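The listed protein sequences correspond, in order, to chains R and F. Counted the way the numbering used here counts, the first sequence spans residues 1 to 232. Counted the way the numbering used here counts, the second sequence spans residues 1001 to 1087. The structure under discussion appears below in the form of structure tokens.
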Amino acid sequence: MRSDKEESKSKLPVILKDVDPNYKKPERRNDLVSSEKYEAVDSTAESSIKIATTGVAQVPESAFSKLFQLTPAKAAYVFENQIPDSAKRNVGGIDYAHSSAVVGLLDKKSQEVRHADTQALLQYARDTILSISDSPQAQDLRRKCDTLTARVLPTLRRARGVNVDELDDVTPLGPGAAFHHLNPKEIHTDPEDVVNPEKGRNLNPDSHKEVHKKQINDEQQFQNYKEENNKN
Amino acid sequence: MIDAPPIDSYFKSIEEKMIFSLIYLDGPIRAELLQIKQELYESRKKAKGWYSRAVKKIHPDHCNHPLASEATAKLNDIYKRMIEHAE
Chain R
1 MRSDKEESKS KLPVILKDVD PNYKKPERRN DLVSSEKYEA VDSTAESSIK IATTGVAQVP
61 ESAFSKLFQL TPAKAAYVFE NQIPDSAKRN VGGIDYAHSS AVVGLLDKKS QEVRHADTQA
121 LLQYARDTIL SISDSPQAQD LRRKCDTLTA RVLPTLRRAR GVNVDELDDV TPLGPGAAFH
181 HLNPKEIHTD PEDVVNPEKG RNLNPDSHKE VHKKQINDEQ QFQNYKEENN KN
Chain F
1001 MIDAPPIDSY FKSIEEKMIF SLIYLDGPIR AELLQIKQEL YESRKKAKGW YSRAVKKIHP
1061 DHCNHPLASE ATAKLNDIYK RMIEHAE
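Written out as structure tokens, the structure is:
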């Protein structure tokens, strides 16, 4: 689990913002469920979900009970054992889960549950998080994040503070040297890692070309290639 | 589905399995290997029983695995969270 207590070299500070309550409220799929129950989900979402400067909605553990229609004890089990650690982060002493992990789990549980009221409320909670994640507020934060990324990317080589080609740790960097990212590429690549000078290596053009040719895209692959290269 | 041998056969001992699960795994697979069930989060008594059995296996006083201390710290962390809402 990431924590704001650990020092990160990322150029993207993660600050959590309150949700703008004007997000589009989702469809209430079951009219036989009392509106107080839907409103309880709304109120939990508005008061506890945060949107980070990465543009990602973060759901605190304390909201799980209301969103998943569970007792606090069962909700704690779900947070601890059904959300992967990689989707959790601790900010200011509060544990949050990445919205995508929560949406996936709510969707799964809404398909498994037999009780129609619970199903409608799980779907409503799922759609609420999706709506917050698609809100103008979240999109605005993502645009700001993209602009920062575009501004910072060309400075990563200098920010890394290494003046030799990191494939051999000897050859001084020459013209055309570049920062090669080693953060894992995923469908959603974490924007914090993209602008973190520790998540890559400074390479001269020839080494960079070679590393791309060999499709070296993570730390382990780079380390193996470097060892192999230095043997020869 | 592959007709794979039982999970225990991949580990030299129960202690190794528990330490591996605590240090390297998370989510449902860790819960399955450590037999963490929902009821443990609801009953302090059951949680305490589970914790006592586990800590006897992996605590550095009983186990000389190099990662025993780290695994015990992780186990303590899980137990602390487990009993937070338990009755």
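Even glycine gets a Cβ: it sits at the ideal position worked out from N, Cα and C. Quick caveat: nothing in here was measured; it's all calculated off a predicted structure.
Give a yes or no on whether 8 Å exceeds the smallest Cβ distance from His1085 (chain F) to chain R.
For the purposes of this step, residue 1085 (chain F) is taken as residue 85 along the second sequence, with counting starting at 1. Yes, contact with chain R.
If contacts are defined as beta-carbon pairs under 8 Å, then Arg1030 (chain F) and Ala76 (chain R) qualify, I think. What distance do you get, rounded to the angstrom?
Working through the second sequence from its first residue, we reach residue 1030 (chain F) at position 30. Working through the first sequence from its first residue, we reach residue 76 (chain R) at position 76. About 15 Å; that fails the 8 Å criterion.
In this structure, how does DSSP classify Gln1035 (chain F) when only helix, strand and coil are distinguished?
Locating residue 1035 (chain F) in the second sequence gives position 35, counting from the first residue. Here Gln1035 (chain F) sits in coil by DSSP.
So, Lys37 (chain R) versus Phe68 (chain R), is the Cβ gap smaller than 8 Å?
For the purposes of this step, residue 37 (chain R) is identified with residue 37 of the first sequence, where counting begins at 1. For the purposes of this step, residue 68 (chain R) is identified with residue 68 of the first sequence, where counting begins at 1. Cβ atoms of Lys37 (chain R) and Phe68 (chain R): not closer than 8 Å.
Please give the ranges of any alpha helix (DSSP H) in the region 123 to 182 of chain R, keeping only runs that are unbroken, at least 4 residues long and fully inside the region.
Within the region 123 to 182 of chain R, the complete alpha helix (DSSP H) runs of at least 4 residues are 136 to 152 and 156 to 160.
Check whether the Cβ atoms of Asn202 (chain R) and Arg157 (chain R) lie closer than 8 Å to each other.
Taking the first residue of the first sequence as position 1, residue 202 (chain R) is located at position 202. Taking the first residue of the first sequence as position 1, residue 157 (chain R) is located at position 157. Yes, these two residues count as a Cβ contact at 8 Å.
Taking the DSSP output, what are the residues bridged to Lys1045 (chain F)?
Within the second sequence, residue 1045 (chain F) is the residue found at index 45, counting from 1. Note: Lys1045 (chain F) sits in no beta bridge, so no partner.
DSSP state of Asp1003 (chain F), grouped into three classes?
Taking the first residue of the second sequence as 1, we reach residue 1003 (chain F) at position 3. In the structure shown, Asp1003 (chain F) sits in coil (DSSP, three-state: anything other than H, G, I, E or B).
By DSSP, does Ile234 (chain R) sit in helix, in strand, or in coil?
Residue 234 (chain R) lies beyond the stretch modelled for chain R, which goes from 1 to 232, so this question has no answer here.
The beta strand (DSSP E) spanning Val12 (chain R) covers which residue range?
As a working note, residue 12 (chain R) is residue 12 in the first sequence. A quick correction: the sequence has Leu, not Val, at residue 12 (chain R). Careful: Leu12 (chain R) lies outside any beta strand (DSSP E) and carries neither H nor E.
So Leu105 (chain R) is in the alpha helix (DSSP H); what residue range does that whole segment cover?
Numbered from its first residue, the first sequence carries residue 105 (chain R) at position 105. Start and end: Ser99 to Glu112.
For a contact meaning CB atoms closer than 9 Å, what does Glu1042 (chain F) contact in chain R?
By one-based count along the second sequence, residue 1042 (chain F) stands at place 42. The answer, in chain order, is Thr71, Ala73, Lys74 and Tyr77.
How about Thr171 (chain R) and Asn204 (chain R): are their beta carbons less than 8 Å apart?
As a working mapping, residue 171 (chain R) is identified with position 171 in the first sequence. As a working mapping, residue 204 (chain R) is identified with position 204 in the first sequence. For Thr171 (chain R) and Asn204 (chain R), yes; Cβs fall inside 8 Å.
Buried or exposed for His180 (chain R), going by 16 or more other Cβ atoms inside 10 Å?
Locating residue 180 (chain R) in the first sequence gives position 180, where the first residue counts as 1. Counting Cβ neighbours within 10 Å, His180 (chain R) comes out buried, since at least 16 surround it.
Using the rule of at least 16 other Cβ atoms within 10 Å of the residue's Cβ for burial, across every protein chain shown, is Lys1057 (chain F) buried or exposed?
The count along the second sequence starts at 1 and reaches residue 1057 (chain F) at position 57. Flag for Lys1057 (chain F) reads buried.
Can you tell me which of the three DSSP states Gln69 (chain R) falls into?
To locate residue 69 (chain R), count along the first sequence from 1; it is residue 69. Here Gln69 (chain R) sits in coil by DSSP.
In this structure, how does DSSP classify Asp95 (chain R) when only helix, strand and coil are distinguished?
The count along the first sequence starts at 1 and reaches residue 95 (chain R) at position 95. Strand.
So for Ser3 (chain R), helix, strand or coil by DSSP?
As a first step, residue 3 (chain R) must be located in the first sequence, where it is residue number 3. Strand.
Could you tell me which of F:Ser1052, F:Leu1067, F:Asn1076 and F:Arg1044 sits nearest to Lys1017 (chain F), measuring between CA atoms?
For the purposes of this step, residue 1017 (chain F) is identified with residue 17 of the second sequence, where counting begins at 1. Nearest option by C-alpha distance: F:Leu1067.
From R:Glu166, R:Glu39, R:Arg126 and R:Val195, pick the residue whose C-alpha is nearest to that of Ala159 (chain R); which is it?
The residue given as residue 159 (chain R) occupies position 159 in the first sequence. Nearest C-alpha to Ala159 (chain R): R:Val195.
Alpha carbon to alpha carbon, how far is Gln220 (chain R) from Leu167 (chain R)? Give it in angstroms, no decimals.
Position 167 of the first sequence, counted from the first residue, corresponds to residue 167 (chain R). Position 220 of the first sequence, counted from the first residue, corresponds to residue 220 (chain R). Going from the Cα of Leu167 (chain R) to the Cα of Gln220 (chain R) covers about 13 Å.
Which same chain residues, not among the five before or five after Asn30 (chain R), have their C-beta less than 7 Å away from its C-beta?
On the first sequence, position 30 is the one that residue 30 (chain R) refers to. Closer than 7 Å at the Cβ level, and outside the excluded window around Asn30 (chain R), lie Ala116, Asp117 and Ala120.
In this structure, how does DSSP classify Ala57 (chain R) when only helix, strand and coil are distinguished?
Looking up residue 57 (chain R) in the first sequence gives position 57. Three-state result, Ala57 (chain R): strand.
Alpha carbons only, please: which of R:Lys11, R:Glu210 and R:Asp190 is nearest the one belonging to Ala87 (chain R)?
As a working mapping, residue 87 (chain R) is identified with position 87 in the first sequence. When each option's Cα is compared against that of Ala87 (chain R), the closest is R:Asp190.
Determine, using beta carbons only, whether Ser43 (chain R) and Ser62 (chain R) come nearer to each other than 8 Å.
The sequence position of residue 43 (chain R) within the first sequence is 43, counting from 1. The sequence position of residue 62 (chain R) within the first sequence is 62, counting from 1. Contact: no.
Would Glu1087 (chain F) and Glu1042 (chain F) qualify as a contact pair, given that the criterion is a beta-carbon distance under 8 Å?
The count along the second sequence starts at 1 and reaches residue 1087 (chain F) at position 87. The count along the second sequence starts at 1 and reaches residue 1042 (chain F) at position 42. Against a cut-off of 8 Å, the Cβ pair of Glu1042 (chain F) and Glu1087 (chain F) comes out as a contact.
Quick one: grab the DSSP three-state call for Asp235 (chain R).
For chain R, the structure presents residues 1 to 232; residue 235 (chain R) sits outside this window and is missing.
Buried or exposed: which applies to Ile1023 (chain F), given that a residue is buried once 16 or more other Cβ atoms fall within 10 Å of its Cβ?
For the purposes of this step, residue 1023 (chain F) is taken as residue 23 along the second sequence, with counting starting at 1. Classification for Ile1023 (chain F): exposed.
Counting contacts by CB-CB distance shorter than 8 Å, is Asp85 (chain R) in contact with chain F?
Working through the first sequence from its first residue, we reach residue 85 (chain R) at position 85. Interface residue, yes.
Are Gln111 (chain R) and Gly1027 (chain F) close, meaning C-beta to C-beta below 8 Å?
Position 111 of the first sequence, counted from the first residue, corresponds to residue 111 (chain R). Position 27 of the second sequence, counted from the first residue, corresponds to residue 1027 (chain F). Contact: no.
By DSSP's criteria, Lys88 (chain R) is part of a beta bridge. Which residues make up the other side?
On the first sequence, position 88 is the one that residue 88 (chain R) refers to. Paired residues: R:Ala97.
Along chain R, which residues have their Cβ under 7 Å away from the Cβ of Asp1026 (chain F)?
In the second sequence, the residue the question calls residue 1026 (chain F) occupies position 26. Going along chain R in sequence order, the residues near Asp1026 (chain F) (Cβ under 7 Å) are Pro84 and Asp85.
Let me make sure I understand the geometry here. Which of R:Gln139, R:Leu122, R:Pro60 and R:Val102 has the alpha-carbon closest to that of Thr53 (chain R)?
Locating residue 53 (chain R) in the first sequence gives position 53, where the first residue counts as 1. Comparing Cα-Cα distances from Thr53 (chain R) to each of R:Gln139, R:Leu122, R:Pro60 and R:Val102, the minimum goes to R:Gln139.
Are the C-beta atoms of Ile1036 (chain F) and some chain R residue less than 8 Å apart?
As a working mapping, residue 1036 (chain F) is identified with position 36 in the second sequence. Chain R, which has a Cβ nearer than 8 Å to the Cβ of Ile1036 (chain F), makes this yes.
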